[in-house]
Amino acid sequence: MLALIIRRLMTAIPTLLLIILASFFLMRLAPGGPFDGERPLDPETQAALQQTYGLDKPLWEQAWLYVSRLAQGDFGPSLVYRDFTVSELVAQGLPISLTLGGLAILLALVIGVTAGLCAAVQAGKMVDKSIMMLATVATALPTFVTGPALALFFGLWMGILPVSGTGNGLSWLVMPVVALALPVAGAIAKLTRAGLATVLQQDHIRTARARGLPETKILFKHGLRPALVPVASYLGPAAAGLLTGAVVVETVFGLPGLGRYFVQGALNRDYPLVLGVVTLYAGLIILFNLFADLIYGWLDPRMREG
Amino acid sequence: MVTRHFPLVIILVIVGLALLLPLFLPWTYDQIDWNAVRAPAFSSSHILGTDELGRDRLARLASGTQITLMVAMAAALVSLLVGIAWGATAGWVGGRVDEAMMRFVDGLYALPFMFIVILLMVVFGRSILLVFIGIGLVEWLTMARVVRGQVMSLKERPFILAAEAAGTPPLMIVIRHILPNIAGVALAYLMLTVPQVVMVESFLSFLGLGVQEPLTSLGILVKEGADDMDMAPLGLLLPGGLLVVILVCLTIEGERLRDHFS
Amino acid sequence: MSLYSLRNLSIDIAGKPLVENVSLDVEPGKCTAIIGASGSGKSLTCLTPFGLTPGVTSGEIILDGVNLTRADRYQMRQARSQHTGFVFQQPMTALTPHLSVGSQLQEAARQAGASRLSRHELAQMLARVGLSRTDERLDQFPHRLSGGERQRVMIAAAIAHQPKLLVADEPTSALDASLRAEIMDLLDELRAERNLGLLLVSHDLASVARHADQLVVMEKGRVVETGPAASLIAKPREDYTKRLIAAIPRLEEAAPTLPAVGDMLLTTRDVCIVFPRPGWRRGNIRAVSDVSIEVREGEALAIVGGSGSGKSTLGRAIAGIGAMTSGEIRWRNEILPGRRKRTREKYGHIQPVFQDPIASLNPQWKVIDIIAEPLRNLRPEFSKAERARKAKAVLQEVDLSEDMLGRSPTSLSGGQAQRIAIARAIIAKPELLVLDEATSALDALVGAEILRLLSRLQRENRLSLIFITHDIASARRVCHRIAVLEEGRIVETGAMEDVIASPQQEITQKLIAAS
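Chains as they are written, first to last, in numbering that gives the first Met the number 0: chain C, 0 to 305; chain W, 0 to 261; chain R, 0 to 514.
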């Protein structure tokens with residue numbers, strides 16, 4: 000088990016480095032720079048700014064500088080929000096994004112697994128068919144449609160939830176979290192239903208039945224864990240999906256999370272900011288995949304030896 | 000037939016309308032009617048009204064749907080070709096080559112790929128061609144995994160070994176025995192890739208990184224609608240609803256096809 | 000009074016009658032065995048009365064004096080948990096993967112309402128079914144155990160609550176041949192020791208004959224014949240039973256007369272086959288080590304071994320469809336190159352036939368294209384019409400009619416598919432067939448017919464055979480000589496009759512005992 004974690008972490012570091020370098024060089028290939036404002040700056044100021052931020056050095060040297068600073072936890076200064084370092088911006092945005100993403104995946108798991116269980120128990124009946132239909136619709140709901148639509152209904156028309164910002168209490172979280180969670184919940188419901196349908200046909204369920212166990216006990220003790228294996232392997236892609244979804248949701252609901260900084264940064268060529276966000280995202284996803292691996296091992300001991 | 004494949008019928012109707020409507024409408028998608036800015040639905044010649052610039056909604060919906068579906072199909076084809084080539088090679092060659100190729104796919108799966116695509120869009124400018132190459136390159140991963148799994152299981156099947164013993168050269172084995180047997184599954188996953196791509200394209204367009212004005216796509220329409228939703232909710236609900244209907248129908252048909260073949 | 004009785008049991012699934020009017024009894028301490036081919040309804044007969052397979056029953060079911068005929072689901076569950084234990088065919092999948100052996104045993108022991116057992120008691124149960132290192136095993140997950148060990152755990156769990164009846168559905172057929180006798184002996188001992196009634200289901204008359212007291216022979220959902228085991232086998236009344244008994248190869252039967260052998264055809268010298276370990280791990284797996292065999296014209300050689308002995312790997316290397324690491328294969332004293340280096344013409348000398356007949360045929364092709372495939376490559380000079388003519392002729396040789404040509408493999412029975420596979424193998428006139436367990440996936444009667452077909456081809460076409468199997472008795476019907484493989488090495492070889500008469504190695508003795 001421990002060996003598995005260590006092995007995963009060993010592969011995580013080169014992966015992370017690769018992502019950072021790839022993004023670094025990609026951004027620098029782009030025409031245009033961070034100081035192309037509305038009015039062009041005079042050449043001297045431009046040169047001075049370039050020098051301050053080390054942009055006049057050769058590309059590989061800049062890359063090396065960046066990575067070595069990163070290793071010490073320094074993300075560098077933001078080029079557009081000039082009064083802030085990237086670390087400060089990230090420290091502000093990360094808690095918001097993490098809260099959104101964490102709550103969304105919890106909600107999706109609770110709704111998805113419950114719905115999948117209900118459908119599997121009632122397999123072939125009306126309940127099953129309606130749940131699966133709803134799940135299919137839910138998976139096809141893009142956050143950039145549900146987000147604004149929710150805001151329109153509950154914010155503008157009914158006026159019961161705030162349309163933007165992080166004000167009063169926790170009610171600002173409701174719509175963004177729901178918009179993020181719906182497609183993931185739909186996918187999890189489908190996976191749970193399909194997983195249970197497969198597992199309940201397997202031989203070890205018949206063995207359990209032969210022991211005269213009640214059906215509910217068979218379902219929860221013998222059936223559910225292996226049935227959730229596909230759900231666990233979906234968690235990695237789901238996390239990546241949530242982070243992308245968060246970009247939209249933060250934009251739609253005007254929340255100062257990482258996603259908004261990312262889009263703003265990309266559009267304004269704020270290299271250190273974009274790199275910082277990409278690095279953090281990649282790190283989060285790698286961590287999440289590791290977590291999914293651990294769940295895997297619990298669900299099915301055969302995978303512990305992986 | 001019609002009731003069983005209701006989703007398919009809806010898709011066909013939507014595609015038909017998107018292709019035919021622009022031929023009959025008095026307005027094009029980018030034409031501004033200065034006399035009818037923010038016209039309500041069913042006013043004069045604008046059946047669904049106009050947007051805040053006075054452009055005909057119906058014409059824009061038809062054109063947006065066209066572009067969205069076109070980009071989706073092109074990108075799905077890219078993903079099909081790359082996925083089959085990668086997956087079939089890994090599965091057929093096997094051993095360490097397979098191991099390395101699939102590790103690569105696993106690695107890419109774990110990446111926040113959407114961000115790389117966004118970076119690509121920012122870096123290389125925003126052309127439709129790039130949009131679907133970019134998307135196709137993201138969406139091939141699942142196809143590669145599926146194809147590789149199929150090839151791996153087929154490769155050890157006795158009828159492949161019998162063909163080898165019958166003197167059939169490797170290339171002919173792949174063409175005559177392997178590919179026909181994975182065609183069904185590949186088709187099903189192609190169907191399932193299309194809604195994925197629609198989603199990605201709309202997402203990029205929504206952020207202003209996809210299809211560019213004056214061309215339009217459903218994602219752009221949703222974005223415009225969302226910006227103006229307090230004044231004109233129809234502008235959001237129409238393209239949003241259409242997009243969801245397309246996604247749901249494609250997903251249902253794709254899943255049915257997949258279940259049929261596996 | 001009997002422990003368990005079925006009277007006129009009929010089972011319908013979705014309105015289709017699958018079992019009709021079956022009656023049988025199981026006495027305490029005795030074994031009643033149901034024998035039948037696949038699709039005979041034997042498993043349904045033994046599982047449906049307990050609600051373990053879907054289906055509607057009619058007739059009478061009496062267990063330990065209680066009539067279960069109109070039992071609801073709750074009563075069925077009671078019947079299962081109080082008095083009955085079950086052992087199934089697939090030990091690899093019959094245990095829950097995420098629960099330890101100990102906890103599954105505990106669950107089984109407590110099903111009839113007993114209080115929690117101590118670790119020591121659980122360990123003793125495992126010891127009773129012949130497992131060692133029992134304390135360690137209690138904490139292990141099922142995937143750590145081998146197939147034979149898992150089946151022992153299944154048996155321990157099935158008798159943990161002291162049932163009166165044990166239902167065993169093909170308990171040995173998924174196990175390695177050398178283990179089957181041991182498991183059957185264990186069941187016999189337990190039966191005697193606890194006065195346990197045993198209802199055994201098997202497709203294999205030969206293997207249960209000596210363990211059963213009563214036999215029930217089923218065909219197509221009906222009982223063909225029933226009676227005490229010894230007298231039924233000695234004097235079968237019904238035609239089906241007679242054919243079944245005749246079909247099953249037994250070592251007691253008279254040795255067959257085999258065709259004379261000619262010049263040396265194939266020799267292998269020191270063949271080694273080594274695979275790299277899967278993944279990135281270092282090291283190799285030796286599948287076959289230093290194997291030297293020879294086959295003459297018209298001769299049949301049996302290569303016999305348990306699963307994992309390397310027999311199939313060796314067969315594939317000879318047929319040129321599997322890797323070979325070192326050593327050489329000669330054909331009429333000329334070097335035969337290995338996989339992918341072999342020319343088309345040389346592939347034409349040797350053709351393979353596989354175990355799973357349906358999987359041997361491309362599901363997308365028509366039978367005519369399947370049969371003609373070797374001609375297309377090996378005899379490119381033939382026109383399409385000529386190929387079709389040859390295909391028709393070869394179908395007759397394997398006793399199939401011409402209307403097979405247009406059919407798709409998915410519509411064929413196992414026996415028909417295996418004949419098609421043999422037709423494809425012989426169409427280009429090879430001199431040697433490599434038969435990899437070619438009869439073991441088939442029902443007894445069908446398998447015997449395929450053996451008969453092979454023996455005719457051997458005689459009429461002077462075809463040489465390499466007959467790879469775990470079943471010495473079937474090999475004996477066609478083979479002159481035998482080579483026994485264990486862990487990739489030939490441990491014993493010689494003339495068939497000599498080896499059967501005085502086997503030298505333990506593995507050979509086990510394989511003979513299992514036949």
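Every residue gets a Cβ at the ideal spot worked out from N, C-alpha and C, and that includes glycine.
Query raised in the report: Taking the alpha carbon of A259 of chain R as the point to measure from, which residue in R:I369, R:N460, R:Q508, R:N7 has its own alpha carbon closest?
Result: Locating residue 259 of chain R in the third sequence gives position 260, where the first residue counts as 1. The shortest C-alpha separation from A259 of chain R is found at R:N460.
Query raised in the report: Name the residues in the segment 140-171 of chain W whose C-beta lies less than 9 Å from a C-beta of chain R; which are they?
Result: Only those residues of the segment 140-171 of chain W whose C-beta falls short of 9 Å from the nearest C-beta of chain R are listed: R156, P157, F158, I159, L160, A161, A162, E163, A164, A165, G166, T167, P168, P169, M171.
Query raised in the report: Do the segment 154-163 of chain W and the segment 186-206 of chain W make contact, defined as three or more Cβ pairs closer than 8 Å?
Result: Contact between the segment 154-163 of chain W and the segment 186-206 of chain W is absent, because fewer than three Cβ pairs lie under 8 Å.
**Report entry** Any chain R beta carbon closer than 9 Å to H273 of chain W
**Finding:** The structure shown does not extend to residue 273 of chain W, since chain W is modelled only from 0 through 261, so no value can be given for it.
Query raised in the report: Between the C-alpha atoms of R132 of chain R and V100 of chain R, what's the straight-line distance to the nearest angstrom?
Result: Against the third sequence, residue 132 of chain R aligns to sequence position 133. Against the third sequence, residue 100 of chain R aligns to sequence position 101. In a straight line, the C-alpha of R132 of chain R is about 13 Å away from that of V100 of chain R.
Query raised in the report: Taking 9 Å as the CB-CB limit, is P232 of chain W close to chain C?
Result: In the second sequence, counting from the first residue as 1, residue 232 of chain W sits at position 233. The Cβ of P232 of chain W sits closer than 9 Å to at least one Cβ of chain C.
**Report entry** Euclidean distance between Cα positions of E385 of chain R and L394 of chain R
**Finding:** Counting from one through the third sequence, the residue named residue 385 of chain R turns up at place 386. Counting from one through the third sequence, the residue named residue 394 of chain R turns up at place 395. Approximately 14 Å, taken between the alpha carbons.
Requested in this report: Look up D187 of chain R in the DSSP assignment and give the residues it is bridged to.
Outcome: For this step, residue 187 of chain R is matched to residue 188 along the third sequence. D187 of chain R is not bridged to any residue.
Query raised in the report: Under 9 Å between C-beta atoms, does L151 of chain C make it to chain W?
Result: Here residue 151 of chain C refers to the residue found at position 152 when the first sequence is read from its first residue. Yes, because at least one Cβ of chain W sits closer than 9 Å to the Cβ of L151 of chain C.
Query raised in the report: Using a C-beta to C-beta distance shorter than 7 Å, which residues of chain R count as neighbours of D202 of chain C?
Result: On the first sequence, residue 202 of chain C is found 203 positions in, with the first residue counted as 1. Chain R residues near D202 of chain C: F87, Q89, T92, A93.
**Report entry** Sequence-distant residues of its chain with Cβ nearer than 8 Å to L119 of chain W (five each side left out)
**Finding:** Here residue 119 of chain W corresponds to residue number 120 of the second sequence, with the count starting at 1. Once the five neighbours on either side are set aside, the close Cβ partners of L119 of chain W are L129, G133.
Query raised in the report: Would you say H97 of chain R reaches chain C, if we count a Cβ-Cβ gap shorter than 9 Å as a contact?
Result: Residue 97 of chain R sits at position 98 when you count from the first residue of the third sequence. With respect to chain C, the C-beta atom of H97 of chain R has a partner C-beta closer than 9 Å.
Query raised in the report: P373 of chain R touches chain W at which residues, Cβ-Cβ below 7 Å?
Result: For the purposes of this step, residue 373 of chain R is taken as the residue at position 374 of the third sequence. Neighbours of P373 of chain R in chain W, taken as residues at a C-beta separation under 7 Å, are given in chain order as A165, G166.
Query - Distance CB(V207 of chain R)-CB(I34 of chain R) smaller than 9 Å - result: Within the third sequence, numbered from 1, the residue matching residue 207 of chain R stands at position 208. Within the third sequence, numbered from 1, the residue matching residue 34 of chain R stands at position 35. Taking 9 Å as the Cβ cut-off, V207 of chain R and I34 of chain R qualify as a contacting pair.
Query raised in the report: To the nearest angstrom, how far is it from the Cα of A161 of chain W to the Cα of G115 of chain C?
Result: The residue labelled residue 161 of chain W in the question sits at position 162 within the second sequence. The residue labelled residue 115 of chain C in the question sits at position 116 within the first sequence. Between the alpha carbons of A161 of chain W and G115 of chain C lies a gap of roughly 43 Å.
Query raised in the report: Taking all protein chains shown into account, do 16 or more other C-beta atoms lie within 10 angstroms of the C-beta of V109 of chain C, making it buried, or fewer, making it exposed?
Result: Residue 109 of chain C sits at position 110 when you count from the first residue of the first sequence. Flag for V109 of chain C reads exposed.
Query raised in the report: Using a Cβ-Cβ distance under 9 Å, would F466 of chain R count as near chain C?
Result: Locating residue 466 of chain R in the third sequence gives position 467, counting from the first residue. No, no contact with chain C.
Query raised in the report: If you follow the beta strand (DSSP E) that F252 of chain C is part of, which residue opens it and which one closes it?
Result: As a working mapping, residue 252 of chain C is identified with position 253 in the first sequence. Counting along the chain, F252 of chain C falls outside any beta strand (DSSP E), and DSSP gives it neither H nor E.
Requested in this report: Would you identify the three-state DSSP class for Q121 of chain C, choosing helix, strand or coil?
Outcome: Translated into the one-based positions of the first sequence, residue 121 of chain C becomes position 122. In the structure shown, Q121 of chain C sits in coil (DSSP, three-state: anything other than H, G, I, E or B).
Report task. Pull up the distance between the alpha-carbon of A233 of chain R and that of C30 of chain R, whole angstroms please. Result -> Here residue 233 of chain R refers to the residue found at position 234 when the third sequence is read from its first residue. Here residue 30 of chain R refers to the residue found at position 31 when the third sequence is read from its first residue. Each residue's alpha carbon lies about 18 Å from the other.
Report task. Identify every residue that forms a DSSP beta bridge with F466 of chain R. Result -> Taking the first residue of the third sequence as position 1, residue 466 of chain R is located at position 467. Residue pairing from DSSP places F466 of chain R in a beta bridge opposite R:A301, R:L434.
Requested in this report: Have a look at V244 of chain W and F143 of chain C and give me their C-alpha separation to the nearest angstrom.
Outcome: Position 245 of the second sequence, counted from the first residue, corresponds to residue 244 of chain W. Position 144 of the first sequence, counted from the first residue, corresponds to residue 143 of chain C. Cα to Cα, the separation comes out at about 15 Å.
Query raised in the report: What is the rounded straight-line gap between the Cα of G226 of chain R and the Cα of E485 of chain R?
Result: As a first step, residue 226 of chain R must be located in the third sequence, where it is residue number 227. As a first step, residue 485 of chain R must be located in the third sequence, where it is residue number 486. Near 40 Å, if we compare the C-alpha coordinates of E485 of chain R and G226 of chain R.
Query - For V55 of chain R: DSSP bridge partner residues - result: Locating residue 55 of chain R in the third sequence gives position 56, counting from the first residue. V55 of chain R pairs with R:D11.
**Report entry** Beta-bridge partners of D55 of chain W, as assigned by DSSP
**Finding:** In the second sequence, the residue the question calls residue 55 of chain W occupies position 56. As a beta-bridge residue in DSSP terms, D55 of chain W pairs with W:T49.
Report task. Could you tell me which of R:R338, R:E380, R:R488, R:E496 sits nearest to S288 of chain R, measuring between CA atoms? Result -> Walking along the third sequence from the start, residue 288 of chain R turns up at place 289. The shortest Cα separation from S288 of chain R among R:R338, R:E380, R:R488, R:E496 belongs to R:R488.
Query - Per-residue burial, W33 of chain W [other beta carbons within 10 Å of its own, 16 or more giving buried] - result: Taking the first residue of the second sequence as 1, we reach residue 33 of chain W at position 34. Answer is exposed; the Cβ neighbour count stays below 16.
Query - Rounded straight-line distance, which links the Cα of E223 of chain W to that of G207 of chain W - result: Here the question's residue 207 of chain W lines up with position 208 in the second sequence. Here the question's residue 223 of chain W lines up with position 224 in the second sequence. Their Cα atoms are separated by approximately 10 Å.
Query raised in the report: Does the beta carbon of L51 of chain R sit closer than 9 Å to a beta carbon anywhere in chain C?
Result: Locating residue 51 of chain R in the third sequence gives position 52, where the first residue counts as 1. For L51 of chain R, the answer is yes, since a Cβ of chain C falls inside 9 Å of its Cβ.
Query - Range covered by the alpha helix (DSSP H) that runs through S288 of chain R - result: Start at 1 with the first residue of the third sequence, and residue 288 of chain R comes out as number 289. Taken as a continuous stretch (DSSP letters only), S288 of chain R belongs to no alpha helix (DSSP H), being part of the beta strand (DSSP E) at 283-290.
Query raised in the report: Excluding the five sequence neighbours on either side, which residues of its own chain have a C-beta within less than 7 Å of the C-beta of W91 of chain W, listed in chain order?
Result: Within the second sequence, numbered from 1, the residue matching residue 91 of chain W stands at position 92. Answer for W91 of chain W: V150, K154, V173, listed in chain order.
Query - Segment limits, alpha helix (DSSP H) that includes D269 of chain R - result: Within the third sequence, the letter at position 270 stands for residue 269 of chain R. D269 of chain R -> not in any alpha helix (DSSP H); beta strand (DSSP E) instead, spanning 263-275.
Query raised in the report: Is the segment 344-355 of chain R touching the segment 425-443 of chain R, taking contact as three or more C-beta pairs under 8 Å?
Result: Yes, they touch.
**Report entry** Members of the segment 199-211 of chain W near chain C, C-beta cut-off 7 Å
**Finding:** Listed in sequence order: S201, F202, F205, L206.
Query raised in the report: In or out: E218 of chain R buried (at least 16 other Cβ within 10 Å) or exposed?
Result: Mapped onto the third sequence, residue 218 of chain R falls at position 219. Looking at its Cβ environment, which holds 16 or more other Cβ atoms inside 10 Å, E218 of chain R is buried.
**Report entry** Contacting residues, own chain, Cβ-Cβ under 7 Å from N288 of chain C (five flanking each side not counted)
**Finding:** Counting from one through the first sequence, the residue named residue 288 of chain C turns up at place 289. Only G235 meet the Cβ criterion.
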